[in-house]
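Numbering (our numbering), first residue to last: 32 to 468.
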Ligand SMILES: [Fe+2]
């Protein structure tokens, strides 16, 4: 669809017909006008003035998103002549000049963001490719497994232990046979983020990462038919699955260099703070600190990435659910820290904005989680060039609410490459002013 055309319910209107409450789409490409959005709801007369000053003579009125109708035209035109060419923008106008300057800065930032996301995806794919070999060699008792896992985990941990900003990006991945590795890597990345936020030492971070990477390795000893069976499970099946922490410890024990506190994470990752977990019914701080971290991120990942897409929650829903239904089962301090690090709307959450637009939360800086980056849905911009912006750059726009996956129109899902999964990887961005070598 061209950006010049309007849908059946949408209408071209003159700029003079605008008033607060009217939702519009601009007729020019995002790259050809000085505004940050292609569509918006008019809120103030000053916005109308800015549009006029930018030489925009016509816009497209979107009735279903408007609070009121446009003003009637004072002199209705008799003949359906082609619309007059918009007056040339007045480049000398200081408001328009400023808008263009801000827009150009945004375009530069957008390129940086796209590049950072590309680099992050490349590193994520490299990491995921190495995991099957690491798992296989650990299962075979190879002494090399521990060393290779340590390299991977230390590399990810280092991204959280630097003075630079660590940005957690949403990774677009497809569900495959290897999804068990996505879970292992996702739990590792999230655990290391939380561990860094909790002030763990580099050695604790390494052990946390090792425990996270192999936390479910004991499942390899359990028949897939039981593992993949949809609920309800029989008592015997449940008991069998509950053996996987112990099986996991037996597997890593074959590797003499495997850190003891990482093995403890594997054993205790299903213990609960309220003592209702397994296998040893431990409670509170009797559970190792690292295992208390893993149990939080493991639950979060299971809620977001349930094998049954109908049951999977978006990350916002998962955090709310954890906070209301699982609060007693989780270490309260680490749970609060986890929510603070991911932000109220973690990456992977589809949201509605205060200007009526739809967006997908793409990344979060754990140092400043209230200002995530969003990908904006704009049918007039090809999805390969989708606009990603920092919320801190747009103080006038806020997130109104999170959206359930089923409420996302198919074309919006497609635009976001939305799979309903929430897998993350981390990339560093040099802080402005540098100082870090
Ligand atoms: Fe498990």
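By construction, the Cβ of each residue, glycine as well, lies at the ideal position given by its N, Cα and C atoms. Because the structure is a prediction, the values reported are computed rather than measured.
DSSP-derived helix/strand/coil call for residue i
i	result
residue 313	coil
residue 454	strand
residue 408	coil
residue 292	helix
residue 246	coil
residue 441	helix
residue 266	helix
residue 98	coil
residue 59	coil
residue 80	helix
residue 395	strand
residue 54	strand
residue 384	strand
residue 403	coil
residue 105	coil
residue 92	strand
residue 254	coil
residue 305	coil
residue 85	coil
residue 237	helix
residue 427	coil
residue 432	strand
residue 67	coil
residue 286	coil
residue 417	coil
residue 260	coil
residue 7	Absent from the model: residue 7. The displayed extent of the chain is 32 to 468, so no value can be given.
residue 216	helix
residue 298	helix
residue 211	helix
residue 44	strand
residue 449	coil
residue 272	helix
residue 389	strand
residue 36	Note that residue 36 scores 48 on pLDDT, short of 50, meaning its location in the model is unreliable and no value can be drawn from it.
Residue i CB to nearest heavy atom of ligand 1 below 8 Å
i	result
residue 414	no
residue 247	yes
residue 259	no
residue 342	no
residue 377	no
residue 76	no
residue 438	no
residue 329	yes
residue 276	yes
residue 307	no
residue 252	no
residue 64	no
residue 301	yes
Beta-carbon proximity check, residue i vs residue j, cutoff 9 Å
i	j	result
residue 360	residue 436	no
residue 51	residue 87	no
residue 346	residue 367	no
residue 327	residue 389	no
residue 395	residue 373	yes
residue 183	residue 161	yes
residue 319	residue 278	no
residue 401	residue 391	no
residue 214	residue 333	yes
residue 92	residue 47	no
residue 417	residue 455	no
residue 304	residue 362	yes
residue 247	residue 293	no
residue 68	residue 386	yes
residue 53	residue 81	no
residue 228	residue 94	no
residue 189	residue 127	no
residue 412	residue 131	no
Chain D within 9 Å of residue i, Cβ atoms only
i	result
residue 174	Considering every chain present, this structure includes no chain D. It has just one protein chain.
(message) Give the list of continuous alpha helix (DSSP H) stretches no shorter than 4 residues that lie fully inside the segment 320-374.
(response) 320-335, 346-356 and 363-373
(request) May I have a chain-ordered list of the beta strand (DSSP E) segments no shorter than 3 residues that lie completely inside the segment 121-205? (result) 196-202
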